[in-house]
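Visitor: A single structure is presented below for examination.
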Amino acid sequence: MPIYFQWVAAASLAICTTGLLISRSWRWSIGLLATQYFAAFWLALVHWPLNMSATMLVTGWMSAAALGITHLNIKDDLTQETSWPQGRTFRLFACGLVLLAITASAGSLADWLPNASLPLAWGALVLIGMGFLHLGMTLDPLRVILGLSTSLLGFEVLYTFLENSILVAGLLVLVTLGLAFTGCFLLVQGEKAI
Amino acid sequence: MNAPIVWIAAPLGISLILVLLPKERWITYLGTFFCLFLAGLAFWLPPDTAQRLGSFSFKIDSTLAIFGRRISLTATDQVILILVYGIGGFWFFGTLAAGGARRIVPMGIAIIALLVASLTIEPFLYAALLIEIALLLSIPMLTEPDQKAGRGLLRFLIYQTFAMPFILLAGFLLSGIEAGPADIALISQAAILLGLGFAFLLSIFPLYTWVPMLASETLPYSVGFILLIFPAFSMFFGLDFIDRYSWLRDSANLSYILRLVGLLMAVSAGIWAAFQRHLGRIFAYAAVSETGISLLALSLQDRQISLQIMFYLLIPRALVFGIWTISITVLKTYSADLKFSNLKGLAREYPVASAGAILANLALAGIPLFANFPVRQALWENLAAQSVPSAVMFGVSTIGLWAAALRSLAVLTMAPLKTEWKLGETWSQRLLIGLGIATLLVFGIFPQWAQPFLANVPSIFEHLGK
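These protein sequences, in sequence, are chains C and R.
When you line the first sequence up against the working numbering, it's residues 3 to 196, in that order.
When you line the second sequence up against the working numbering, it's residues 262 to 727, in that order.
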């Protein structure tokens with residue numbers, strides 16, 4: 003795959019993760035999550051065969067669909083965080099800092115991992131870093147699941163350089179779906195509590 | 262018949278059936294019976310060993326191939342199978358007194374089965390993925406019906422989930438080290454990732470903040486199960502790493518690091534426990550301190566003694582955690598919550614549950630005649646032989662737990678003078694807590710009964726056991 007296609011996918015990941023962090027509408031968030039899985043699938047194609055990469059994509063979309071369908075039956079939108087800081091400007095600033103740090107370190111990761119190209123390493127680090135940032139700023143169950151899914155997707159992209167076992171791919175599918183179902187369960191529990 | 266089907270697939274199937282049963286008592290009885298049956302089967306017919314019953318001969322094969330990988334449960338896993346399914350049976354029977362069978366028993370059996378699978382899968386580093394799936398299954402168990410997920414639960418999910426990717430990455434690097442063991446840079450990178458992974462998995466200081474939070478927001482009996490089973494399997498998983506990689510096993514710093522981390526956990530949690538005003542949080546800190554104590558046991562120079570102490574710690578720990586969490590769950594059903602302000606004088610109305618909570622706390626602090634005393638004594642003695650300051654710090658941790666027990670005792674007995682004594686617990690609660698305390702005493706008086714079980718422990722590990 004030409005390197006600029008990889009850069010397009012990596013840049014899409016940066017846009018999606020930033021959008022996930024600043025979005026307050028659950029519909030946008032779920033849509034961005036699904037787009038994120040598509041970009042990650044694109045990057046995974048560099049090292050994984052189409053069928054294994056497609057598993058990642060389909061699983062991600064199933065997760066997004068499960069979370070979306072569950073949220074359809076819930077009245078409120080993503081809750082506003084009560085703790086400081088909560089503004090979009092601050093979040094954008096934090097995203098900028100994380101992206102800067104990632105850009106500085108992606109080169110050494112690409113050198114360190116066998117067969118890793120720079121856009122792949124950058125994309126994976128963006129997912130991991132922004133997922134961590136997301137988790138550090140929230141206590142809302144849906145946002146926690148979005149943050150965890152983002153971080154784990156980053157690690158999955160990293161594993162594509164290192165491992166192409168079907169069993170690992172299968173177990174990762176279970177983890178991704180399990181996380182989404184856990185999110186659905188927590189959302190429903192929260193709704194019952196209201 | 263083969264072992265992964267008997268000890269992994271069958272429990273997963275049974276857990277599905279249990280979810281469908283209409284009555285909680287049926288769930289408890291069937292779950293308990295099934296776990297005890299599996300523990301008994303592991304005792305009588307370990308994998309790859311033939312047994313004769315009348316004219317019939319039985320044998321369970323050890324290996325199952327799935328997706329091109331092997332899952333093996335061998336005869337050396339016998340001790341672990343007996344231990345975990347025995348603990349499971351004991352714990353699930355306790356739901357008769359503590360309640361919550363519908364969410365604890367089916368999920369608990371599935372979690373045990375997945376964690377057993379995590380010990381058997383080849384290559385073993387995929388175990389991290391199975392531990393993660395077990396963790397996700399534990400979420401429904403830890404969620405209070407019709408309540409929003411609390412901070413403790415979300416932190417538990419986040420912290421434990423982070424363990425998986427770090428351990429997997431470390432595992433991939435470790436396979437590179439096997440090819441070129443002289444690569445120092447690669448070894449240090451793998452060690453850092455592995456350390457991070459296990460720090461999340463074992464909730465090493467300061468990553469245990471979720472433990473007291475979780476204990477104060479959900480059913481203590483569910484939390485007790487999680488705090489018993491997950492650290493135990495994480496420890497087995499960690500031992501597997503140490504056993505397999507000679508650079509890790511022979512590292513001069515490993516013992517020092519384990520001792521330092523273990524002391525940090527035991528002392529910090531012991532001191533925090535002494536200052537808590539919530540019975541659930543005291544239990545949580547005591548559980549964290551126990552993880553630290555297991556790490557201290559692992560840090561001992563003599564590997565055989567170290568393994569025996571670590572495994573022996575599990576038996577009284579399971580008993581104590583069970584009695585303690587049943588007792589505080591009982592107290593919680595009769596009180597608004599487990600804050601000291603709401604528990605004043607409750608010992609007059611619920612003396613058995615109060616005694617259970619206090620005695621379990623004291624037993625965990627190593628009071629003589631109770632089951633934890635001999636093993637803590639052995640650990641303390643060996644630790645002192647290695648490093649006197651470490652032994653002193655171990656004492657500080659113990660004093661913290663003692664102080665917590667005495668404070669709880671003061672609060673629970675702080676009733677107005679003319680309050681009459683009553684027996685407010687149900688028969689099953691009195692019976693189970695009473696039996697538990699009696700068992701703690703019996704194991705304390707006859708610690709040698711564990712000897713046949715402990716004799717086989719070193720054989721589980723190919724290199725560490727030698």
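The C-beta atom is built at its ideal place from N, Cα and C for all residues, glycine as well.
None of these values were measured; they are calculated from a predicted model.
In the DSSP output, which residue or residues are listed as bridge partners for R:N263?
Guide: Within the second sequence, residue 263 of chain R is the residue found at index 2, counting from 1. Note: R:N263 sits in a beta bridge opposite R:D322.
Visitor: Compile a chain-ordered list of the residues in the stretch 134-156 of chain C whose CB is closer than 7 Å to at least one CB of chain R.
Guide: Legend: CB atoms of the stretch 134-156 of chain C lying less than 7 Å from CB atoms of chain R belong to residues L137, L141, P143, V146, L150 and L154.
Visitor: Go through the stretch 263-310 of chain R residue by residue and report every complete run of the alpha helix (DSSP H) that reaches 4 residues or more, in order.
Guide: 271-281 and 285-305
Visitor: Residues of chain R with a CB under 9 Å from the CB of C:Y161: which are they?
Guide: The count along the first sequence starts at 1 and reaches residue 161 of chain C at position 159. Going along chain R in sequence order, the residues near C:Y161 (Cβ under 9 Å) are P426, L429, L430 and F433.
Visitor: Between which two residues does the beta strand (DSSP E) containing R:I373 stretch?
Guide: Taking the second sequence and counting its residues from 1, the one referred to as residue 373 of chain R is at position 112. Looking at the DSSP string, R:I373 is not in any beta strand (DSSP E); the run it does join, the alpha helix (DSSP H), is A362 to T381.
Visitor: Which residues, in order along the stretch 176-187 of chain C, keep a beta-carbon less than 9 Å from a beta-carbon of chain R?
Guide: L176, V177, G180, L181, F183, T184 and F187
Visitor: Within its chain, find whatever has a CB closer than 6 Å to the CB of C:T162; leave out the 5 residues flanking it on each side and keep chain order.
Guide: Numbered from its first residue, the first sequence carries residue 162 of chain C at position 160. Hits under 6 Å: A46, H49 and W50.
Visitor: Three-state secondary structure (DSSP) at C:H136?
Guide: Within the first sequence, residue 136 of chain C is the residue found at index 134, counting from 1. Residue state, collapsed to three classes: helix.
Visitor: Would you kindly check if the distance between the Cβ of R:P307 and the Cβ of R:Q339 is under 7 Å?
Guide: If you number the second sequence from 1, residue 339 of chain R lands on position 78. If you number the second sequence from 1, residue 307 of chain R lands on position 46. Going by C-beta atoms, R:Q339 is nearer than 7 Å to R:P307.
Visitor: Just checking: is the beta-carbon of R:R412 within a distance shorter than 7 Å of some beta-carbon in chain C?
Guide: Position 151 of the second sequence, counting from 1, holds the residue named residue 412 of chain R. At least one chain C Cβ lies under 7 Å of R:R412.
Visitor: Check the Cβ-Cβ distances between C:L164 and every residue of chain R, and say whether any is below 7 Å.
Guide: Numbered from its first residue, the first sequence carries residue 164 of chain C at position 162. Output row for C:L164: interface = yes.
Visitor: Can you confirm whether R:K409, when its beta carbon is compared against all beta carbons of chain C, has any partner nearer than 7 Å?
Guide: Translated into the one-based positions of the second sequence, residue 409 of chain R becomes position 148. Yes, because at least one Cβ of chain C sits closer than 7 Å to the Cβ of R:K409.
Visitor: Use the C-beta contact count for R:H256: other C-beta atoms within 10 angstroms, 16 or more gives buried, fewer gives exposed.
Guide: Only positions 262 to 727 of chain R appear in this structure, which leaves residue 256 of chain R out of reach.
Visitor: Ordered along the chain, which non-local residues of its own chain (more than five positions away) have a Cβ less than 6 Å from that of R:L620?
Guide: Here residue 620 of chain R is taken as the residue at index 359 of the second sequence, counted from 1. The answer, listed in chain order, is I698.
Visitor: Quick test of the definition: if touching needs 3 or more C-beta pairs under 8 Å, does the stretch 493-502 of chain R touch the stretch 375-395 of chain R?
Guide: yes
Visitor: In whole angstroms, give me the CA-to-CA distance for R:I428 and R:L314.
Guide: Residue numbering aside, residue 428 of chain R sits at position 167 when the second sequence is read from its first letter. Residue numbering aside, residue 314 of chain R sits at position 53 when the second sequence is read from its first letter. Each residue's Cα considered, the two are about 44 Å apart.
Visitor: Do R:G523 and R:L489 have their beta-carbon atoms positioned less than 7 Å apart in this structure?
Guide: Within the second sequence, residue 489 of chain R is the residue found at index 228, counting from 1. Within the second sequence, residue 523 of chain R is the residue found at index 262, counting from 1. Contact flag unset, no.
Visitor: Are the Cβ atoms of C:A11 and C:A41 separated by less than 7 Å?
Guide: The residue labelled residue 11 of chain C in the question sits at position 9 within the first sequence. The residue labelled residue 41 of chain C in the question sits at position 39 within the first sequence. Closer than 7 Å, so yes.
Visitor: Going by C-alpha to C-alpha distance, which of C:L94, C:L188, C:I76 and C:W28 sits closest to C:I17?
Guide: In the first sequence, residue 17 of chain C corresponds to position 15, counting from 1. Of the listed residues, the one whose Cα sits closest to C:I17 is C:L94.
Visitor: What's the C-alpha gap between C:G172 and R:Y469?
Guide: Residue mapping note: residue 172 of chain C aligns to position 170 of the first sequence, counting from 1. Residue mapping note: residue 469 of chain R aligns to position 208 of the second sequence, counting from 1. Between the C-alpha atoms of C:G172 and R:Y469 there is a straight-line separation of about 30 Å.
Visitor: Starting from the Cα of R:M474, find the closest Cα among R:S449, R:F319, R:T404 and R:G661 and give me that residue.
Guide: Stepping through the second sequence from its first residue, residue 474 of chain R is reached at position 213. R:M474 has its Cα closest to that of R:T404, out of R:S449, R:F319, R:T404 and R:G661.
Visitor: So which residues on chain R does C:G192 lean against when the C-beta distance must stay under 9 Å?
Guide: Translated into the one-based positions of the first sequence, residue 192 of chain C becomes position 190. Within chain R, the residues near C:G192 are Q408, K409 and A410.
Visitor: Quick check on DSSP: helix, strand or coil for C:R26?
Guide: Your numbering for residue 26 of chain C matches position 24 in the first sequence. In the structure shown, C:R26 sits in coil (DSSP, three-state: anything other than H, G, I, E or B).
Visitor: Residue range of the alpha helix (DSSP H) that R:R505 falls in?
Guide: Numbered from 1 along the second sequence, position 244 holds the residue referred to as residue 505 of chain R. Here the alpha helix (DSSP H) through R:R505 covers P481 to R505.
Visitor: Suppose the cutoff is 7 Å on Cβ atoms and the five residues either side in sequence are ignored; what does the same chain contact list for R:A639 look like?
Guide: The count along the second sequence starts at 1 and reaches residue 639 of chain R at position 378. Correct list, in chain order: I570.
Visitor: By how many angstroms is the C-alpha of C:A56 removed from the C-alpha of R:G301?
Guide: On the second sequence, residue 301 of chain R is found 40 positions in, with the first residue counted as 1. On the first sequence, residue 56 of chain C is found 54 positions in, with the first residue counted as 1. The alpha-carbon atoms of R:G301 and C:A56 are separated by roughly 45 Å.
Visitor: Would you mind reading off the limits of the alpha helix (DSSP H) that contains R:Q312?
Guide: The sequence position of residue 312 of chain R within the second sequence is 51, counting from 1. First-last for R:Q312: Q312 to L314, but that is the beta strand (DSSP E), not the alpha helix (DSSP H).
Visitor: How close, in whole Å, do the beta carbons of R:S669 and R:A527 come, if the pair is a contact with beta carbons under 8 Å?
Guide: Position 408 of the second sequence, counted from the start, is the residue given in the question as residue 669 of chain R. Position 266 of the second sequence, counted from the start, is the residue given in the question as residue 527 of chain R. About 19 Å separates the two Cβ atoms, so there is no contact after all.
Visitor: On a Cα-Cα basis, can you pick out the residue from R:P713, R:N717 and R:L692 that is closest to R:G355?
Guide: The sequence position of residue 355 of chain R within the second sequence is 94, counting from 1. Measuring from the Cα of R:G355, the nearest candidate turns out to be R:L692.
Visitor: Counting along the chain, where does the beta strand (DSSP E) carrying R:S333 start and finish?
Guide: Reading the second sequence from its first residue, position 72 is the one you call residue 333 of chain R. R:S333 -> beta strand (DSSP E) spans R330 to S333.
Visitor: What does the alpha-carbon distance come out to for the pair R:A359 and R:F295?
Guide: On the second sequence, position 98 is the one that residue 359 of chain R refers to. On the second sequence, position 34 is the one that residue 295 of chain R refers to. Between R:A359 and R:F295, the C-alpha separation is close to 20 Å.
Visitor: Could you please give me the residues that DSSP links to R:F317 through a beta bridge?
Guide: Numbered from its first residue, the second sequence carries residue 317 of chain R at position 56. Residue pairing for R:F317: DSSP places it in a beta bridge opposite R:L314.
Visitor: For the stretch 455-487 of chain R, which residues have a CB atom closer than 8 Å to at least one CB atom of chain C, in sequence order?
Guide: none
Visitor: What is the DSSP secondary structure of R:I628, reduced to helix, strand or coil?
Guide: Position 367 of the second sequence, counting from 1, holds the residue named residue 628 of chain R. Here DSSP, grouped into helix, strand and coil, assigns R:I628 to coil.
Visitor: Please confirm if the stretch 262-281 of chain R is in contact with the stretch 319-335 of chain R, defined as three or more CB-CB distances below 8 Å between the two stretches.
Guide: yes
Visitor: Ignore the nearest five residues each way along the sequence and tell me which others in C:V25's own chain have a CB closer than 7 Å to its CB.
Guide: For the purposes of this step, residue 25 of chain C is identified with residue 23 of the first sequence, where counting begins at 1. In the sequence on display, residue 25 of chain C carries Ser and not Val. Excluding positions up to five away in sequence, the list reads S31 and L34.
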